[in-house]
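Q:
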Amino acid sequence: MTATTAPPPGPSGPRGPSGSAGTNGMGATSADSGRGEVRERRPAPAALIVASAVVAAAMLLPLVFMLVQAAQVGWTELSNLLFRHLTAVLLWNTVSLCAVVTTASAGIGTAAAFATERTDLPARRLLSALIVLPVAVPDFVIAWGWTSLAPSLHGLWGAALVLTLGLYPLVYLPVAASFRSADPAQEEVSRSLGRGRLRTFWSVSLRNARLALLGGCLLVWLYLLAEYGAFEILRYQTFTTEIFAEFEVGFNTPAASALSLVLVLLGLMVLAGEAMLAHGQRGRPQPRARVVTRSRLGPATAPVVVSMVVLVALALGVPLWAISHWMESSQRTTLPAASSLGSAAWHTALYSGCAAAVATVAALPVAILAVRHRGRLATVFERTCLLVQALPGLVIALALVFFAVRYVVGIYQSAFLLIAAYVVMFFPLALIAVRASVARVPASLEEVGRSLGQRPPAVMLRVTLPLVLPGLLASFFLVFLTAVTELTATLILVPTGVQTLATQFWAYTNDFSYGAAAPFAATMLAVAVVPTYLLGRWFDRLPARSLLAA
Amino acid sequence: MTRVVVSGLRKSFGARVVLDGLDLEVPEGSLTAVLGPSGSGKTTLLRILAGFERPEAGSVTLGENVVEDGRTHLPPEARRVGYVPQDGALFPHLSASGNVGFGLSRRERRSGRVEELLGLVGLSGEGRRFPHQLSGGMQQRVALARALAGQPSLVLLDEPFSSLDAALRAGVRADVARVLSETGTTSVLVTHDQDEALSLADRVAVLRGGRVVQCASPEQLYTDPLDPALASFVGDANLLEGTVRAGTAVTPLGTLAIADDGRPLAEAQKVMVLVRPEQLELRTSNASNGGGGIDGLVVECRYFGHDMLVTVEMAAEVKGRRPLLYARLTGRSPLGSGSPVALSVAGPVKAWPAGSG
Chain A
1 MTATTAPPPG PSGPRGPSGS AGTNGMGATS ADSGRGEVRE RRPAPAALIV ASAVVAAAML
61 LPLVFMLVQA AQVGWTELSN LLFRHLTAVL LWNTVSLCAV VTTASAGIGT AAAFATERTD
121 LPARRLLSAL IVLPVAVPDF VIAWGWTSLA PSLHGLWGAA LVLTLGLYPL VYLPVAASFR
181 SADPAQEEVS RSLGRGRLRT FWSVSLRNAR LALLGGCLLV WLYLLAEYGA FEILRYQTFT
241 TEIFAEFEVG FNTPAASALS LVLVLLGLMV LAGEAMLAHG QRGRPQPRAR VVTRSRLGPA
301 TAPVVVSMVV LVALALGVPL WAISHWMESS QRTTLPAASS LGSAAWHTAL YSGCAAAVAT
361 VAALPVAILA VRHRGRLATV FERTCLLVQA LPGLVIALAL VFFAVRYVVG IYQSAFLLIA
421 AYVVMFFPLA LIAVRASVAR VPASLEEVGR SLGQRPPAVM LRVTLPLVLP GLLASFFLVF
481 LTAVTELTAT LILVPTGVQT LATQFWAYTN DFSYGAAAPF AATMLAVAVV PTYLLGRWFD
541 RLPARSLLAA
Chain B
1 MTRVVVSGLR KSFGARVVLD GLDLEVPEGS LTAVLGPSGS GKTTLLRILA GFERPEAGSV
61 TLGENVVEDG RTHLPPEARR VGYVPQDGAL FPHLSASGNV GFGLSRRERR SGRVEELLGL
121 VGLSGEGRRF PHQLSGGMQQ RVALARALAG QPSLVLLDEP FSSLDAALRA GVRADVARVL
181 SETGTTSVLV THDQDEALSL ADRVAVLRGG RVVQCASPEQ LYTDPLDPAL ASFVGDANLL
241 EGTVRAGTAV TPLGTLAIAD DGRPLAEAQK VMVLVRPEQL ELRTSNASNG GGGIDGLVVE
301 CRYFGHDMLV TVEMAAEVKG RRPLLYARLT GRSPLGSGSP VALSVAGPVK AWPAGSG
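Heads up: the sequence lines are chains A and B, in that order. Quick note, the first sequence lines up with residues 1 to 550 if you use the numbering used here. Quick note, the second sequence lines up with residues 1 to 357 if you use the numbering used here.
(1) Relative to the C-alpha of B/L74, which residue among A/L478, A/A458, A/T119 and A/G453 is closest?
(2) For chain B, find out if any of its Cβ atoms is closer than 7 Å to the Cβ of A/S33; answer yes or no.
(3) Could you pull out every residue in the same chain whose Cβ sits closer than 8 Å to the Cβ of B/F102, ignoring the five residues on either side in sequence?
(4) Who are B/A366's beta bridge partners in DSSP?
(5) Could you check the C-alpha separation between A/R376 and A/L259 for me, to the nearest Å?
(6) Around the Cβ of B/S153, are there at least 16 other Cβ atoms within 10 angstroms (buried) or fewer (exposed)?
(7) Using a Cβ-Cβ cut-off of less than 9 Å, list which residues of the segment 237–271 of chain B approach chain A; keep chain order.
(8) Quick one: is A/A21 buried, meaning 16 or more other Cβ sit within 10 Å of its Cβ, or exposed?
(9) Look up A/T424 in the DSSP assignment and say whether it is helix, strand or coil.
(10) Tell me, which residues are paired with B/R328 by DSSP?
(11) Please list, in chain order, all residues of the same chain as A/T119 whose beta carbon is under 6 Å from its beta carbon, the five residues on each side excluded.
(12) Excluding the five sequence neighbours on either side, which residues of its own chain have a C-beta within less than 6 Å of the C-beta of A/A489, listed in chain order?
(13) With a threshold of 16 other CB atoms inside 10 Å of the CB of B/G247, please say whether the residue is buried or exposed.
(14) Just by C-beta distance, which residues in the segment 59–85 of chain B are closer than 9 Å to chain A?
(15) Residues in its own chain within less than 6 Å of A/A229 by CB, not counting five upstream and five downstream?
(16) Between B/S288 and chain A, is the shortest Cβ-Cβ distance under 7 Å, so that the two count as touching?
(17) Do B/G127 and B/L118 count as a contact pair if the criterion is CB distance below 7 Å?
(18) Kindly list, in the order they appear in chain A, the residues whose Cβ is closer than 9 Å to that of B/H132.
(19) Between the Cα of A/I108 and the Cα atoms of A/L261, A/S307 and A/T200, which residue gives the shortest distance?
(20) Which residues in chain B have a C-beta closer than 9 Å to the C-beta of A/L553? List them in chain order.
(21) Can you give me the start and stop residues for the beta strand (DSSP E) that B/D295 sits inside?
(22) Excluding sequence positions up to five away, which residues of its chain have a Cβ less than 8 Å from the Cβ of A/S203?
(23) Can you tell which of A/L222, A/T348, A/T241 and A/A404 has its C-alpha closest to the C-alpha of A/L551?
(24) Which two residues bound the contiguous alpha helix (DSSP H) that contains A/A404?
(25) Taking DSSP as the reference, what is the three-state secondary structure of B/S187?
(26) To which residues of the same chain is B/L168 closer than 6 Å at the C-beta, ignoring the five residues directly before and after it?
(27) Would you identify the three-state DSSP class for B/K350, choosing helix, strand or coil?
(28) Give me the residue from B/R322, B/R203 and B/G210 with the minimum Cα distance to B/L240.
(29) Can you grab the Cα-Cα spacing for the pair A/G34 / B/K42, in whole Å?
(30) Anything in chain A within Cβ reach of B/R146, meaning under 9 Å, just list it in chain order.
(31) Show which residues of chain B have a CB atom less than 7 Å away from the CB atom of A/S444.
(32) Does the distance from the CB of A/A344 to the CB of A/Q237 come in under 7 Å?
(33) Which of the residues in the segment 374–389 of chain A, read from start to end, lie with their CB under 9 Å from any CB of chain B?
(34) Tell whether a beta-carbon distance below 7 Å holds between A/L90 and A/F239.
(35) For B/H306, which residues from the same chain have a beta carbon less than 8 Å from its beta carbon, with the 5 sequence-adjacent residues on both sides left out?
(36) With distances taken between CB atoms, is the gap from B/V271 to B/G242 smaller than 7 Å?
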């Protein structure tokens, strides 16, 4: 006679009074497929696909125009224009500056993020609010502030200084968000396993934030490729300044077209490089954040506070001081341009507001498709839209000019073309913001809405829309703020006889009428600061991952 | 009140078959629990019932209406099926009243129906609070009231208690069961918790490999499970090999009476026998009174207060090793390990022909 007993429940067997045994009695795989996550990709409504396709196609148009233009120039002439000493100089200037500024911004942004998020820095809420603000100051205003006070500032190191001061918040924001949302338990485990504070920072904190850091660096690099005004003021020759000169001064469109090709190629290479480095590392579940134990700064407190204050003073204080200095002296010397200020502010707000509204509305179908109906088609549309990031505003503006002059002369130098340029340029911003807010509405809410007898349009109106509204507002402000301080495309596309804050500022600055220019800079900053504050609060609540969906 | 009939349901995600020809019948007005380990397809079943997903084959009938088959797919909003997800999924931008009234017309919302429903789930006067101001248990009650608002023909509950604290769980469970039986709503509860299924439901359907392996009353499932694997899934189990002799099973624990399950066993047939831990009786023995029972030694005693689970090693070797047995005792002081005990089995036992799982 034989007998065996049941698989013993063992130490982990019976748990409760009424004996719920271990659950593997049925030989179930322990791999939990994640309940509720096994969702089918539902086919997207046709209207959503059509809308997304139209938006994606529209975003591609400037690139197409640019290529058509280049094709019309012809390869022989293009190669003559490209393979010359000037191109090499521009390439060296651009790449070396990008390398210096990106490295410096990465260092400053990460250090500042660590100080505000992971140490017991005093007044850290104030400091973290201040440290973000330079992002609201256009780089050409920072450059103007510095050169108007120190006219000898120019060249690589001058440009590197000014642009680092203007761009480090682009690294600070995502890295700080990543530090904030990371699970401190990982760091605690690392410490308990015998790794010191510094090694833990390198091997755990920074490693977890590397995607955010990479994304920030990508943004810095792309902004640098697109920057024009600051370089012009600092007399630093890059692709943009050269393209602008060829177009505006020499009316040499073939040369501008050839150089644009190189610039876009550089941007695409950076995007591709980032995509390769970040490949397969996205979309990990975000651990639930809890209260962080902050490192004690101890005797380092004073130096850290001082260096952060100095940073803010250099980035924000210098342009502000320059503005007040010139405004004060202008009251005695030149007539304030009060009437033109009002008109410029109105047009700036009008164009920026229209562009912000259009970009936000256009982003909605693409974002919903990408989040709710993830699939090959949605990915293609989304990537297409984000490809625009590689196109500097200057290139987009010139492509639109080419198109208008060649085919639809009526819209050349109309507000329509300028707003269209803004929409395309800042569409990636809108898409990222809208996408993040759509992703924060669980699909289960929409399902519950339908099971309660509401048809999809009603669910959209009563559930989805109210919940994504903050994200739509954020997107609107993000685009609005960026458009208000846009200079390059505006200079090319602004309707005849109209001045915006940026173009009027630029005109006065070129005449060295700093006193007359200062009020326009002041107004730009005033218009930009409110959205930046709202934006900062929104970024605060956003997990780092969604900032990097690009 | 509606009877639900599901037949031949098939669904796969990519290469993974989740439902493999599932049949299920939910009697009118009953609470049926669908019990299965993680990944057994129970949530998928629920989502198909709700209309959120379409099966590749099979049909779903609610009352008289075929809502799902090869040709028909009634959208969720047309099914009148209430849905209570795991986390409640309350609309964060609406108050408790706003949530409950979401599916109601304006006239119905004004008729006091919302307040009535909140009262039903024990939340009178809490209607103005927003989801983030409510505890987890309150959120689940609101979610239930919301699901019941439109007098649905069927209510689906997707592990609605698993995100609650143990202390809260019992109360919410009891309230939900009370509300469902008071309203007489046909409901399906998905869970991986055996206690929950056995204590709440009128009927329990156990899912395995994308099919229902057994659908029975809780008592029948516990005392007369289909096979040994199912027996250990729905509760602790001692499984012993034995041989049928004259209507009894001869096992290392002695000769045991076999419960009659309507499937007679042949003489001398090898069987697998189920002895639930509460059927195993322990007497502290010592050398002087060796009268009756099988000798064993206490290996471990886990004391829960209201009862305890004792692991006993049999003194006699079976196939070269000493089997471990589990006994649940109530109203006794904990036993020290190494204590000698005598084992006996109370009541008839379930026996399956050997090799049946």
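Using N, Cα and C, we set each Cβ at its ideal position, and we do this for glycine too. If you're wondering where the values come from, they're calculated on a predicted model, not measured in any experiment.
A: According to the structure shown:
(1) Of the listed residues, the one whose Cα sits closest to B/L74 is A/G453.
(2) Here A/S33 scores only 34 on pLDDT, less than 50, and its place in the model should not be relied on; the value that follows carries that caveat. A/S33 counts as touching chain B.
(3) Contacts found: F91, L94, R146 and A149.
(4) Examination of residue 366 of chain B is not possible in this model, given that chain B is present from 1 through 357 alone.
(5) Computed Cα separation, rounded: 34 Å.
(6) Around the beta carbon of B/S153, a 10 Å sphere encloses 16 or more other beta carbons of the protein chains shown; the residue is thus reported as buried.
(7) The residues in question are A237, N238, L239, L240, E241, G242, T243, V250, T251, P252, L253 and K270.
(8) No answer about A/A21 holds up, because its pLDDT of 34 lies below 50 and its placement is not dependable.
(9) In the sequence as displayed, the identity of residue 424 of chain A is Val instead of Thr. The three-state secondary structure of A/V424, taken from DSSP, is helix.
(10) For B/R328, which the question treats as bridged, DSSP gives the partners B/L309.
(11) Only R294, S295 and L297 meet the Cβ criterion.
(12) Contacts found: G393, A397 and A421.
(13) B/G247 is exposed by the Cβ-count criterion.
(14) Cβ contacts with chain A: P75, P76, E77, A78, R79, R80, V81, G82, Y83, V84 and P85.
(15) Strictly speaking, residue 229 of chain A in this sequence is Gly, with Ala absent from that position. Excluding positions up to five away in sequence, the list reads F140 and L487.
(16) Note on B/S288: pLDDT 47, under 50, position unreliable in the model; the coordinate value appears next. Taking Cβ atoms only, chain A never reaches closer than 7 Å to B/S288, which makes this a no.
(17) Yes, the pair counts as a contact, with Cβ atoms nearer than the cut-off.
(18) Listed along chain A is no residue with a C-beta nearer than 9 Å to that of B/H132; the closest approach is about 13 Å.
(19) Of the candidates A/L261, A/S307 and A/T200, the one whose C-alpha sits nearest the C-alpha of A/I108 is A/S307.
(20) Not covered by the structure: residue 553 of chain A. The range shown for chain A is 1 to 550.
(21) Where B/D295 is concerned, the enclosing beta strand (DSSP E) stretches over I294 to Y303.
(22) The residues are S190 and R195.
(23) Residue numbering for chain A in the displayed model covers 1 to 550; residue 551 of chain A lies beyond these limits and cannot be assessed.
(24) For A/A404, the enclosing alpha helix (DSSP H) begins and ends at G393 to Y407.
(25) DSSP places B/S187 within a strand segment (E or B) once states are collapsed to three.
(26) For B/L168, where only same-chain residues beyond five positions count, the Cβ hits under 6 Å are G137.
(27) In this structure, B/K350 counts as strand in the three-state DSSP scheme.
(28) Among B/R322, B/R203 and B/G210, the Cα nearest to that of B/L240 is on B/R322.
(29) Residue confidence is low: A/G34 scores 37 on pLDDT, short of 50, so the model does not pin down where it sits. Its coordinate-derived value is still stated next. Taking the CA atoms as reference points, A/G34 sits about 12 Å from B/K42.
(30) In chain order: V448 and L452.
(31) Neighbours of A/S444 across chain B, judged by C-beta separation under 7 Å: P85 and A89.
(32) No.
(33) The residues in question: there are none.
(34) For A/L90 and A/F239, yes; Cβs fall inside 7 Å.
(35) Scanning its chain for C-beta atoms nearer than 8 Å, with the 5 sequence neighbours on each side dropped, one finds around B/H306 the residues T330, in chain order.
(36) Taking the C-beta atoms as reference points, B/G242 is found nearer than 7 Å to B/V271.
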